[in-house]
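Protein chains in written order, with our numbering: chain R, 1 to 370; chain E, 1001 to 1098.
Where is the CB? At the ideal position from N, CA and C, for every residue including glycine.
Quantities reported herein were computed from a predicted structural model and do not represent experimental measurements.
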Amino acid sequence: MSSVRVLVGTHKGAFILTSDAKRKKWQVSEPLFAGWEVYHMNGSPKNPNRLYASQSTGWFGQMIQRSDDGGKTWEPVGNKFSYEGVPGTHLWYDGTQHPWEFKRVWQLKPSLTEEDTVYAGVEDAAMFRSTDGGQTWNELAGLREAKGHLWQPGAGGMCLHTIILDPSNPQRMFIAISAAGAFRTEDGGMSWRPINQGLQSGEIPDTSAEVGHCVHNLAMHPSNPNVLFMQKHWDVMRSDNSGDSWNEVSGNLPSDFGFPIAVHAHEPNTIYVVPIKSDSEHFPPDGKLRVYRSRSGGNEWEALTKGLPQSDCYVNILRSAMAVDTLDSCGIYFGTTGGQVYASSDSGDSWMPIASNLPAVLSVEVQTLP
Amino acid sequence: MIRVQLPYHLQTLARVGREIELQIEGVATFSSVIDALETQYPVLRGTVRDYETSQRRDFIRFFACGQDMSLEPLNTPLPDAVVAGSEPFRIVGAMAGG
Chain R
1 MSSVRVLVGT
11 HKGAFILTSD
21 AKRKKWQVSE
31 PLFAGWEVYH
41 MNGSPKNPNR
51 LYASQSTGWF
61 GQMIQRSDDG
71 GKTWEPVGNK
81 FSYEGVPGTH
91 LWYDGTQHPW
101 EFKRVWQLKP
111 SLTEEDTVYA
121 GVEDAAMFRS
131 TDGGQTWNEL
141 AGLREAKGHL
151 WQPGAGGMCL
161 HTIILDPSNP
171 QRMFIAISAA
181 GAFRTEDGGM
191 SWRPINQGLQ
201 SGEIPDTSAE
211 VGHCVHNLAM
221 HPSNPNVLFM
231 QKHWDVMRSD
241 NSGDSWNEVS
251 GNLPSDFGFP
261 IAVHAHEPNT
271 IYVVPIKSDS
281 EHFPPDGKLR
291 VYRSRSGGNE
301 WEALTKGLPQ
311 SDCYVNILRS
321 AMAVDTLDSC
331 GIYFGTTGGQ
341 VYASSDSGDS
351 WMPIASNLPA
361 VLSVEVQTLP
Chain E
1001 MIRVQLPYHL
1011 QTLARVGREI
1021 ELQIEGVATF
1031 SSVIDALETQ
1041 YPVLRGTVRD
1051 YETSQRRDFI
1061 RFFACGQDMS
1071 LEPLNTPLPD
1081 AVVAGSEPFR
1091 IVGAMAGG
């Protein structure tokens, strides 16, 4: 019988939540890497028992942990992320140039086909690849040549927070950097180009600026890899041409601000966002926690509220904290800065908390196990 | 043998207790202690010294003989009492977190 494993990274450790396919009763693991920030934890599509976790603190730096038994045991692997050559400089807050400095790993993305290949998105923004199961890491330095000198950190740091692999073309990947924008490679990461045309950012007077856009998250359905969805600092966006151009699909959302965006596992045009009131007040509008679903790929949105708190709720949902399972009735999951993890086993129609008192949730990934 | 005391999280990573012992060849300095630590426990590479700069990480402090020696150059010889093994060399996670 199928089962589900939810990988939750928090400010003070990681947790693995497990259930059978009914998704009604959940077990919460003991804390993993207790006391450390776990920005991301992810599993290999090729070998679901191969998990990776990004473990860091300001005290002791970055660790990468690997499990080969579905999270029962873990071993530290390589934690040396050295930029290739002389990394140069990027734009700093005062308009000067500032040297690249490694801070942490925000995102781990195992290859769709190679068990020992995994990508890491890091701050200061760069992409690394390991082909030996995380033991050693090499930068895909061509990314920084995509106008890296003009990238500037946002409030959360200049982080590469989203990596999407195209299942139809192993040479094509999409990434997003805060607050530089989205980028695409067609040659396996050797060279990259900004894909930000059509993004409207009120604070950027040049609407055709190639970089400098505050992209919060990207999503793609594997059956339709030319269609990308984006939650931006302002606006939900859609591209039908692999990011060459973007159109706003915020439609009737109560706010155009938010962090995560996800696509239904079986309906490529059904997408989910969690509107947040504004960039000034990072909590849900009116104190009501509402996931919004569009079945039309954007523009027309419906609020999903059943089982979610509809008063006095002031949590945030961070960019990597929403994911879906691939069971027949698609499950949607998200974690909050209040330490709750909510799940829906009916495509978002109803929700239940599957963990309620965790540390602030940084990331949620889901594995659907046979 | 040099006695070295580790902070909790490094004990956990290295799967050791609070105090370990390190054999140092030649003059024992802060650097040579960390070199020996990283050789004996490779998992601790990058956790005490920054990979790129080889300098002490910001929130790591070094104490010996009741003194905060964090700002001493890394090639500073260890105090005699630490070399003799009567005092430990303490690597401490700074109390910084608000």
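{"Check": "Buried or exposed by the 16-neighbour rule on C-beta atoms within 10 Å, applied to R:D20", "Outcome": "exposed"}
{"Check": "Pair within 9 Å by beta-carbon distance, R:P76 and E:V1092", "Outcome": "no"}
{"Check": "Own chain residues within Cβ distance below 6 Å of E:Q1005, not counting five before or after", "Outcome": "R1018, E1019, P1088, R1090"}
{"Check": "Identity of the residue in R:T207, R:P194, R:V273 nearest R:E300 by Cα", "Outcome": "R:V273"}
{"Check": "Paired residues, beta bridge with R:F229 - DSSP", "Outcome": "R:A219, R:R238"}
{"Check": "Three-state class that DSSP yields for E:S1086 in the structure shown", "Outcome": "coil"}
{"Check": "Contact test: E:Y1041 Cβ vs the ligand ATP heavy atom, cutoff 8 Å", "Outcome": "Looking for the ligand ATP in the displayed structure turns up nothing, as the structure carries no ligands at all."}
{"Check": "Contact set between R:M63 and chain E, taken where Cβ atoms lie within less than 9 Å", "Outcome": "L1013, V1043, G1046, T1047"}
{"Check": "Inter-residue spacing [alpha-carbon to alpha-carbon] between E:M1069 and R:H213", "Outcome": "45 Å"}
{"Check": "Simplified DSSP assignment, three categories, for R:V315", "Outcome": "coil"}
{"Check": "Closest by C-alpha distance to R:A219, when choosing among R:D279, R:D240, R:K277, R:S201", "Outcome": "R:D240"}
{"Check": "Counterpart residues of R:P260 in DSSP-defined beta bridges", "Outcome": "In the DSSP output, where bridge partners are listed per residue, R:P260 has none listed."}
{"Check": "Residues near R:P285 by beta carbon distance below 7 Å, same chain, minus five either side", "Outcome": "P254, S255, P275, K277"}
{"Check": "Beta-bridge partners of R:V291, as assigned by DSSP", "Outcome": "R:L304"}
{"Check": "Any 3 or more C-beta pairs closer than 8 Å across the region 27-41 of chain R and the region 50-69 of chain R", "Outcome": "yes"}
{"Check": "is_contact[R:E101, chain E] using C-beta, thresh 9 Å", "Outcome": "yes"}
{"Check": "Residues in the region 76-101 of chain R having any Cβ partner in chain E nearer than 7 Å", "Outcome": "P76, N79, K80, S82"}
{"Check": "Under 7 Å from the C-beta of R:G35: neighbouring residues of chain E", "Outcome": "H1009"}
{"Check": "Minimum C-alpha distance to E:D1058 - residue among E:D1035, E:R1049, E:A1014", "Outcome": "E:R1049"}
{"Check": "Contact residues within the region 313-334 of chain R, judged by C-beta distance below 7 Å to chain E", "Outcome": "none"}
{"Check": "Interface flag, R:F60 vs chain E, CB-CB below 9 Å", "Outcome": "yes"}
{"Check": "Runs of beta strand (DSSP E) wholly within the region 23-77 of chain R (minimum 3 residues, chain order)", "Outcome": "37-43, 51-57, 61-67"}
{"Check": "Between the CA atoms of R:M127 and E:L1078 - distance to the nearest angstrom", "Outcome": "40 Å"}
{"Check": "Below-9 Å beta-carbon distance, E:I1060 vs any chain R residue", "Outcome": "yes"}
{"Check": "Coil, strand or helix - R:D286 by DSSP", "Outcome": "helix"}
{"Check": "Where the beta strand (DSSP E) containing R:D20 begins and where it ends", "Outcome": "13-20"}
{"Check": "Pick from E:R1056, E:Y1051, E:D1080 that is closest to E:C1065, judged by C-alpha positions", "Outcome": "E:D1080"}
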